[in-house]
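The numbering of the sequence shown is the working numbering, which starts it at 121 and goes up by one.
Where a beta carbon is used, it is the ideal one built from N, C-alpha and C, also for glycine.
Remember, predicted model here, so these are calculated numbers, not experimental data.
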Amino acid sequence: MKRYLKINAIDNVCVVLDEVIQAGEEIEVDGQKILLAQDVERGHKVALRTISQGEDVIKYGYPIGHATTTIQAGEWIHSHNVKTNLRDDLEYNYAPKSYPVGYRDEGRKVLGYLRKSGQMGIRNELWIVPSVGCVNGQAQAIAERVKRECDCSHLDDVRVYTHNYGCSQLGDDHRNTQRALAALVKHPNAGAVLVLGLGCENNQIASFKEVLGSWDEERVRFLIAQEVEDEIESGFAICRELVELTRGDRREELPLSYLKVGLKCGGSDGFSGITANPLVGLFSDWLIAQGGSTILTEVPEMFGAETILMDRAESREVFDRTVELINDFKGYFRRFDQPIYENPSPGNKKGGITTLEEKSLGCVQKGGAQPVVDVLGYTDPMIKRGLNLLQAPGNDLVAASALALSGCQIVLFTTGRGTPFGAFVPTMKVATNSALARFKAGWIDFNAGTMVEDEEPERLLERFIDKVLATVNGEKLKHEKVGFKEIAIFKTGVTL
121 MKRYLKINAI
131 DNVCVVLDEV
141 IQAGEEIEVD
151 GQKILLAQDV
161 ERGHKVALRT
171 ISQGEDVIKY
181 GYPIGHATTT
191 IQAGEWIHSH
201 NVKTNLRDDL
211 EYNYAPKSYP
221 VGYRDEGRKV
231 LGYLRKSGQM
241 GIRNELWIVP
251 SVGCVNGQAQ
261 AIAERVKREC
271 DCSHLDDVRV
281 YTHNYGCSQL
291 GDDHRNTQRA
301 LAALVKHPNA
311 GAVLVLGLGC
321 ENNQIASFKE
331 VLGSWDEERV
341 RFLIAQEVED
351 EIESGFAICR
361 ELVELTRGDR
371 REELPLSYLK
381 VGLKCGGSDG
391 FSGITANPLV
401 GLFSDWLIAQ
411 GGSTILTEVP
421 EMFGAETILM
431 DRAESREVFD
441 RTVELINDFK
451 GYFRRFDQPI
461 YENPSPGNKK
471 GGITTLEEKS
481 LGCVQKGGAQ
491 PVVDVLGYTD
501 PMIKRGLNLL
511 QAPGNDLVAA
521 SALALSGCQI
531 VLFTTGRGTP
541 FGAFVPTMKV
551 ATNSALARFK
561 AGWIDFNAGT
571 MVEDEEPERL
581 LERFIDKVLA
591 TVNGEKLKHE
601 KVGFKEIAIF
611 KTGVTL
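Shown next, in the form of structure tokens:
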């Protein structure tokens with residue numbers, strides 16, 4: 121295994137790949153021998169030459185900030201001597217670029233459930249969706265009785281997606297809750313759904329149905345607790361019927377054009393932009409070549425690397441909407457008097473990420489090199505095949521939920537620090553480094569750390585494709601096996 125890596129020819133830093141390179145050790149980069157001035161841990165950066173105060177620090181071939189003091193060759197580079205270059209408002213120019221991706225349609229198929237909506241589900245589950253948090257307990261009681269008294273062996277899960285919303289909300293928050301729950305109810309990974317209301321909440325079932333629009337009336341049922349004597353008994357009777365309706369559901373062979381994959385990272389480290397995120401980007405390019413689609417989100421973690429995506433907009437309209445996506449999210453921070461660049465997190469910094477530019481340059485690599493075909497608002501359904509951008513925050517569970525609410529049947533989640541969570545769709549944890557994959561084997565589904573351990577990228581991509589498609593075909597991920605599955609709804613404003 122290499123002990124350090126210079127990523128781009130014009131970089132003035134290298135990244136430590138070993139657990140630590142100690143002060144006084146010598147490394148050689150581009151024929152130049154450099155003596156380390158301090159111990160530098162895995163994922164952190166070392167200066168390859170003298171970087172003057174105010175001069176840009178270059179990683180991935182782009183500036184990730186500027187030196188706040190003169191940094192000598194061999195010195196550790198991090199928050200103590202580097203500061204972001206980012207400013208609140210920027211001017212953007214439309215300068216479209218295209219990149220060859222080199223993949224062809226291989227004609228591969230997956231096994232999925234074709235729903236009446238024309239969408240493909242990769243799981244067949246029974247969901248109970250409360251319209252308001254007040255009936256979370258009743259929904260749980262119904263689900264427990266269904267699992268106890270019904271033969272659900274043909275189902276992948278019986279699940280309640282609890283939340284604390286649906287009442288005492290105004291404006292965007294109320295609309296976000298209704299739209300999120302509507303998208304949840306119509307998601308193709310659910311074979312059947314019971315929507316359980318209370319009766320006095322803001323999110324009335326009648327108004328919720330208006331947001332829902334059309335739905336499969338056979339597979340989606342509604343119950344208002346205040347209108348029946350025993351809501352648990354009534355809910356159980358409905359669910360028992362839904363269990364039987366799903367009994368005949370079968371997977372069938374379908375083209376990859378039905379597959380929509382969410383791209384997300386969290387607990388990033390200095391390896392994220394070197395291993396797991398580039399791997400996911402290669403997968404995104406490959407899937408799109410097969411006719412499938414991917415969605416990239418975490419808008420605040422595009423700041424500083426947004427022009428890479430803007431340059432790949434397939435049209436002027438998509439470029440303009442990408443600019444609007446970035447500027448609107450900055451405006452969102454300003455409306456609540458919050459700093460726009462309050463990032464990276466403490467965990468990111470411990471893992472070697474110094475500035476938001478550095479984090480973003482690693483983050484956007486999950487989007488590969490294909491053109492950006494559309495920009496989606498929160499909960500908007502994906503309608504154009506290819507790489508889409510989605511309005512959602514960086515928070516892991518909110519963003520992963522948002523990807524699924526826009527139609528993704530699975531989320532690929534890269535991580536350098538590790539996390540056990542799962543969204544309401546399969547959420548594959550992809551480790552950026554082998555140490556994490558070994559230490560948290562109960563969390564991690566795939567190790568991308570071998571990319572810097574001399575595994576050829578082509579072979580690693582082949583193994584990753586096989587793992588993703590096996591998951592699509594029904595293989596359970598770690599979080600599914602232990603039952604960690606949740607939904608989180610984006611909240612922006614006041615709670616009454």
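Helix or strand or just coil, what does DSSP make of residue i?
| i | result |
| --- | --- |
| Glu576 | coil |
| Gly401 | helix |
| Gln289 | strand |
| Trp335 | coil |
| Leu152 | It is Gln, not Leu, that sits at residue 152 in the sequence shown. Of the three classes helix, strand and coil, the one that applies to Gln152 here is strand, per DSSP. |
| Thr189 | coil |
| Tyr233 | strand |
| Leu525 | helix |
| Asn296 | helix |
| Thr615 | strand |
| Tyr281 | coil |
| Lys560 | coil |
| Cys134 | strand |
| Asp586 | helix |
| Glu145 | coil |
| Glu264 | helix |
| Ala302 | helix |
| Ile394 | coil |
| Gly311 | strand |
| Ile446 | helix |
If I'm right that residue i touches residue j with Cβ under 8 Å, what's the distance once you round it to whole angstroms?
| i | j | result |
| --- | --- | --- |
| Val340 | Val313 | 5 Å |
| Val381 | Thr442 | About 20 Å separates the two Cβ atoms, so there is no contact after all. |
| Asn201 | Ala187 | 6 Å |
| Ile178 | Ile130 | 6 Å |
| Ile446 | Ser388 | 19 Å between Cβ atoms; not a contact. |
| Ala568 | Val550 | 5 Å |
| Ile248 | Ala263 | 6 Å |
| Thr417 | Ala300 | Incorrect: roughly 14 Å between the Cβ atoms, too far for contact. |
| Gly286 | Asn244 | 26 Å between Cβ atoms; not a contact. |
Taking the beta strand (DSSP E) that residue i belongs to, which residues open and close that run?
| i | result |
| --- | --- |
| Ser218 | No beta strand (DSSP E) holds Ser218; DSSP gives it neither H nor E. |
| Glu372 | Glu372 to Pro375 |
| Asn508 | Leu507 to Leu510 |
| Arg228 | Premise fails: Arg228 is in no beta strand (DSSP E) and is neither H nor E. |
| Thr474 | No beta strand (DSSP E) holds Thr474; DSSP gives it neither H nor E. |
| Ile530 | Ile530 to Thr535 |
| Val166 | Lys165 to Ala167 |
Please report the straight-line C-alpha distance between residue i and residue j, rounded to a whole angstrom.
| i | j | result |
| --- | --- | --- |
| Thr427 | Ala326 | 44 Å |
| Asp574 | Phe584 | 16 Å |
| Ala173 | Thr189 | Correcting the residue type first, residue 173 is Gln in the shown sequence and not Ala. Answer to the nearest angstrom: the Cα atoms are 4 Å apart. |
| Gln485 | Val135 | 17 Å |
| Ala193 | Glu478 | 20 Å |
| Ile197 | Arg370 | 55 Å |
| Gln298 | Glu349 | 26 Å |
| Phe544 | Phe449 | 25 Å |
| Arg537 | Ser554 | 11 Å |
| Asn213 | Asp431 | 9 Å |
| Pro577 | Lys605 | 31 Å |
| Ser199 | Thr475 | 8 Å |
| Gly257 | Ile344 | 14 Å |
| Gly386 | Phe533 | 7 Å |
| Pro308 | Glu338 | 14 Å |
| Leu155 | Lys469 | 24 Å |
| Glu148 | Ala557 | 29 Å |
| Ser354 | Gly424 | 53 Å |
| Ser465 | Ile530 | 26 Å |
| Ile394 | Arg295 | 39 Å |
| Gly232 | Gly185 | 46 Å |
| Leu234 | Arg367 | 14 Å |
Taking the DSSP output, what are the residues bridged to residue i?
| i | result |
| --- | --- |
| Leu316 | Pro250 and Leu343 |
| Ile415 | Gly382 and Asn508 |
| Leu496 | Leu510 |
| Asn567 | Ala551 |
| Leu125 | Val135 |
| Met240 | Leu234 |
| Val160 | Ile141 |
| Val202 | Ala187 |
| Tyr182 | Lys179 |
Starting from residue i, follow the alpha helix (DSSP H) in both directions and report where the run begins and ends.
| i | result |
| --- | --- |
| Lys179 | No alpha helix (DSSP H) holds Lys179; the beta strand (DSSP E) holding it covers Asp176 to Lys179. |
| Ala357 | Glu351 to Leu365 |
| Glu600 | Lys598 to Val602 |
| Glu426 | Glu426 to Met430 |
Comparing the C-beta of residue i with each C-beta of chain B, is any distance below 8 Å?
| i | result |
| --- | --- |
| Gly562 | Here chain B cannot be found, since the structure has a single protein chain. |
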